[in-house]
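In the numbering used here, the protein residues as written are 4 to 100.
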């Protein structure tokens, strides 16, 4: 019983921390994770899926970038890194372009 309560509490705490996480940070993390997946992929189909994810998350980040935010410098740098990840994965996915 005590173990169940502890596990439930830990899972709830993890869920709350993820729910309160910055959506911009979540999009950045997902894009960087997809970049890493693109780098390590053996199959073209996996790279294409990773490229789509980077593109989608980068578009979301660009659309939600708030120039009046106190975090503008950090968010702009994160967007630059995602743009670089998009270029890198595009070159890996379609080397002939």
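For every residue, glycine included, the Cβ atom is placed at its ideal position computed from N, Cα and C. Note that the structure is predicted; figures quoted are calculated from it, not measured.
- Taking all protein chains in view, the Cβ of residue 96 is crowded by 16 or more other Cβ atoms within 10 Å, so the residue is classified as buried.
- Between residue 49 and residue 40 the beta-carbon gap is near 7 Å, inside 8 Å, which marks them as a contact.
- A direct Cα-to-Cα measurement between residue 60 and residue 81 gives close to 11 Å.
- Beyond the five residues adjoining it in sequence on each side, residue 31 comes within less than 6 Å, by CB distance, of 81 in the same chain, given in chain order.
- Judged by DSSP in its simplified three-state form, residue 82 adopts helix.
- Ranked by Cα distance from residue 84, the options 62, 99 and 70 are led by 62.
- Comparing alpha carbon positions, the residue from 24, 36 and 27 closest to residue 92 is 36.
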